[in-house]
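A.B. asks: Each residue of the sequence shown is one higher than the last, beginning at 12 in the working numbering.
Cβ coordinates follow ideal geometry from the N, Cα and C atoms, glycine included.
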Amino acid sequence: MQSDFETIHPHKIPGTTGTTIVENLGNALVKATPEGEVVPDLAREMPEISDDGLTYTFKIHEGVKFHPPYDREVTAKDVVENWRAILDPEYGAYGRSTYKGILTGENTSPQEAIKQTGKHEITFNLTEPFAPFLIKQAKMSAFGWFNIVPMEAVEEHGDNFGTPDTGVWSTGPFMYQPEESTAGSKYVLKKNPNYFKEGEGGQLPYLDTLTFQISPESTTRTSSLKAGEIEIDESTAATDIQDLKKADGVNVVSMPSSAKTSQWVNRRNYEPLTKTKVRKALMYAANRRAIVETKFRGYATKAHSPLPPWHWAYDKDACVTYDHDVENAKQLLEDAGEGTFSFKCEPTNQPKFVDVAKILQQNYKQVGVDMSIKPASKGTTWSPLVGGWEDESVPPESWHSMIENYTWGFSADDFTYATFHSNQPFNYTYYSNDEADKYMEKARKTRDRKERKEHYAKVQELITDDMPKLFQVWNNVSHGFRDRVHNFDVYPTAYMLFEDVWVDPE
12 MQSDFETIHP HKIPGTTGTT IVENLGNALV KATPEGEVVP DLAREMPEIS DDGLTYTFKI
72 HEGVKFHPPY DREVTAKDVV ENWRAILDPE YGAYGRSTYK GILTGENTSP QEAIKQTGKH
132 EITFNLTEPF APFLIKQAKM SAFGWFNIVP MEAVEEHGDN FGTPDTGVWS TGPFMYQPEE
192 STAGSKYVLK KNPNYFKEGE GGQLPYLDTL TFQISPESTT RTSSLKAGEI EIDESTAATD
252 IQDLKKADGV NVVSMPSSAK TSQWVNRRNY EPLTKTKVRK ALMYAANRRA IVETKFRGYA
312 TKAHSPLPPW HWAYDKDACV TYDHDVENAK QLLEDAGEGT FSFKCEPTNQ PKFVDVAKIL
372 QQNYKQVGVD MSIKPASKGT TWSPLVGGWE DESVPPESWH SMIENYTWGF SADDFTYATF
432 HSNQPFNYTY YSNDEADKYM EKARKTRDRK ERKEHYAKVQ ELITDDMPKL FQVWNNVSHG
492 FRDRVHNFDV YPTAYMLFED VWVDPE
């Protein structure tokens, strides 16, 4: 893995590494396939849905047990307790905002919305139809935020639940081993002998041990993979893909992902980035084809929309697109009343972000804009953007821009509503457009996919015309792995599931 994790508490997890570990430790009611189809997970079948789309009734597998020492049967009561905790503002779960107004809010409460209706049956009563209800809670799509854990373990360990020295307990194919793990270095998972699922080869999982090693340098991961010292490289650098494809005993899969690299700008408090024409000018100034070809060796795609090109709701024709056009960029700057100006960019200090910043720096210079580059840690990069809907001084005038990526799962609602709707906690651009809000709200209440796509087309048009942040590229997810690894599925989220993976003997 290229980076460490902050926590593996599934309800409070923010990043890819922690999510991958968590998804191999636990289960949600449903999960997403690599193609984005929702299938049962802890639920033994897909839920019964009322005709009005307001009631979802799940029946979960009987006989499922939590990991020792909490190895008792999982019942509907556990699912209800988990969900009510997630929706409790005092608990601090990231998934709470997903269902605000749907399962909690002025017209309902978690106690009314989520009920045990049998020993192994749970009923959700929604306040209004919510088309992404299932995909937004699905394992392998939702950061692990809705995995079920024994709440007595959360209470017993408190703030230590999810730390490397303590770990977590859940229902999944593997069990965390704190005594064999070393914070910042490696994390060891062992086979759950009581896992409730079976595959073609018998009871899952097939692997006895799963070890995640932290290795930030791509060259180190590549050499380790070629030498057979590791079986999988979580994030193969684009510059190494062709070399690895020629190596003996190694495969590489690279496919479009759900992670978009963007340049966040201070459109709230730093002129002239507050001006739409200036942001559009920077979009025209950016040579994103050069970024794709030079930095990513073709293993990326120019970003034209809030939604990735592989998504069912994507509509490039609805988007305002920005091909590299220096003269157009200069004209927009002139129309905005801006000549030359300067600002600074603080990309996260990883080569994939710093190198993009350097290309943009040269592009912007061609239109008279001077962008200085000051790489920073991930925490430093994100901190000026967090928690500012009530405080309009966020981000501060002293902060100008940064380059990072953001990964969602499969839900169109995440790429749009969660990211760009007014007052949403993950809307770090602090973008607000009443008309766009209206169409995002319609889309999440509309169950017919054709109608939803029409709403999302309008959303894409409005957002790309405003450009609240500067879309750069959709990164590919690229995994290198040894030939001895079988059944290894690649997800656009870059999360990895080893539930039914097996390896040839060495």
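Check the C-beta distance from residue 324 over to residue 318 and give it rounded, since I have them as a contact under 8 Å.
C.D. replies: 5 Å
A.B. asks: DSSP three-state label for residue 42, please.
C.D. replies: strand
A.B. asks: So, helix, strand or coil for residue 314, using DSSP?
C.D. replies: coil
A.B. asks: Are the CB atoms of residue 104 and residue 489 nearer to each other than 8 Å?
C.D. replies: no
A.B. asks: Could you round the C-beta distance between residue 471 and residue 268 to whole angstroms and report it? I think they count as a contact, below 8 Å.
C.D. replies: At roughly 19 Å, the Cβ-Cβ gap does not stay under 8 Å, so residue 471 and residue 268 are not in contact.
A.B. asks: For residue 382, write down the residues that DSSP places opposite it in a beta bridge.
C.D. replies: 354
A.B. asks: Determine the extent of the beta strand (DSSP E) in which residue 347 is found, giving its start and end residues.
C.D. replies: No beta strand (DSSP E) holds residue 347; DSSP gives it neither H nor E.
A.B. asks: Leaving aside the five residues before and after residue 550 along the sequence, list all residues of the same chain whose C-beta is less than 8 Å from its C-beta, in chain order.
C.D. replies: Residue coverage of the chain in this structure runs from 12 to 517, which leaves residue 550 outside it and unanswerable.
A.B. asks: How long is the line joining the alpha carbons of residue 122 and residue 160, rounded to whole angstroms?
C.D. replies: Distance between the alpha carbons of residue 122 and residue 160 is about 19 Å.
A.B. asks: Smallest Cα separation from residue 263: which of 12, 183, 251?
C.D. replies: Distance from the Cα of residue 263 is smallest, within the candidate group 12, 183, 251, for 251.
A.B. asks: Less than 8 Å separating the beta-carbons of residue 87 and residue 148?
C.D. replies: no
A.B. asks: Hey, could you find the ends of the alpha helix (DSSP H) residue 147 is sitting in?
C.D. replies: Segment: none, residue 147 is in no alpha helix (DSSP H) and carries neither H nor E.
A.B. asks: Can the beta-carbon of residue 463 be found closer than 8 Å to that of residue 140?
C.D. replies: When the beta-carbon positions are compared, residue 463 and residue 140 stay at least 8 Å from each other.
A.B. asks: Please go through the same chain and pick out, in chain order, the residues whose beta-carbon is closer than 6 Å to the beta-carbon of residue 420, but skip the five residues on each side of it.
C.D. replies: 152, 153, 504
A.B. asks: Can you name, in chain order, every residue of its own chain whose Cβ lies under 6 Å from the Cβ of residue 383, other than the five neighbours on each side?
C.D. replies: Excluding sequence neighbours, residue 383 sits near 355.
A.B. asks: Return the CA-CA distance between residue 200 and residue 220, expressed in angstroms with no decimal places.
C.D. replies: 6 Å
A.B. asks: Is residue 121 helix, strand or coil when you go by DSSP?
C.D. replies: helix
A.B. asks: Round the Cβ separation of residue 276 and residue 347 to the nearest angstrom and send it over; I've been treating them as touching at under 8 Å.
C.D. replies: Rounded, the Cβ-Cβ distance is 14 Å, inconsistent with contact.
A.B. asks: Going by CA-CA distance only, name the one from 131, 130, 125 that's closest to residue 138.
C.D. replies: 125
A.B. asks: If you draw a straight line from the C-alpha of residue 390 to the C-alpha of residue 397, how long is it?
C.D. replies: 11 Å
A.B. asks: Would a C-beta distance cut-off of 8 Å place residue 481 and residue 274 closer than the cut-off?
C.D. replies: yes
A.B. asks: According to DSSP, what are the bridge partners of residue 493?
C.D. replies: 261
A.B. asks: Which residues bound the alpha helix (DSSP H) around residue 71?
C.D. replies: Counting along the chain, residue 71 falls outside any alpha helix (DSSP H), and DSSP gives it neither H nor E.
A.B. asks: To the nearest angstrom, report how far apart residue 102 and residue 351 are at their CA atoms.
C.D. replies: 48 Å
A.B. asks: Between 31, 117, 158, which lies nearest to residue 77 when the distance is taken from Cα to Cα?
C.D. replies: 158
A.B. asks: Contact defined as beta carbons within less than 8 Å: I believe residue 14 pairs with residue 184. What is the distance between those atoms, to the nearest angstrom?
C.D. replies: With 8 Å as the limit, residue 14 and residue 184 do not qualify as a contact, their Cβ atoms being about 23 Å apart.
A.B. asks: Could you tell me whether the segment 282-296 touches the segment 368-378, where touching means 3 or more Cβ pairs closer than 8 Å?
C.D. replies: Yes: the two stretches touch, three or more of their Cβ pairs being nearer than 8 Å.
A.B. asks: Looking at the structure shown, is residue 36 part of a helix, part of a strand, or coil, going by DSSP?
C.D. replies: coil
A.B. asks: What is the DSSP secondary structure of residue 326, reduced to helix, strand or coil?
C.D. replies: coil
A.B. asks: What are the complete beta strand (DSSP E) segments, minimum 3 residues, inside the segment 448-502?
C.D. replies: 481-493
A.B. asks: Who does residue 274 pair with in a DSSP beta bridge?
C.D. replies: The partner list for residue 274 (beta bridge, DSSP) reads 414, 481.
A.B. asks: I'd like the span of the beta strand (DSSP E) that includes residue 427, first residue to last.
C.D. replies: Counting along the chain, residue 427 falls outside any beta strand (DSSP E), and DSSP gives it neither H nor E.
A.B. asks: Go ahead and pull the three-state DSSP assignment for residue 187.
C.D. replies: strand
A.B. asks: Is it the case that the Cβ atoms of residue 461 and residue 367 are separated by a distance below 8 Å?
C.D. replies: Contact flag unset, no.
A.B. asks: Could you tell me the distance, in whole angstroms, from the CA atom of residue 392 to the CA atom of residue 399?
C.D. replies: Cα to Cα, residue 392 sits roughly 15 Å from residue 399.
A.B. asks: Please report the Cβ distance between residue 27 and residue 418, rounded to the nearest whole angstrom; I am assuming they are in contact, meaning their Cβ atoms lie under 8 Å.
C.D. replies: That belief holds up - the Cβ atoms of residue 27 and residue 418 are roughly 6 Å apart, short of 8 Å.
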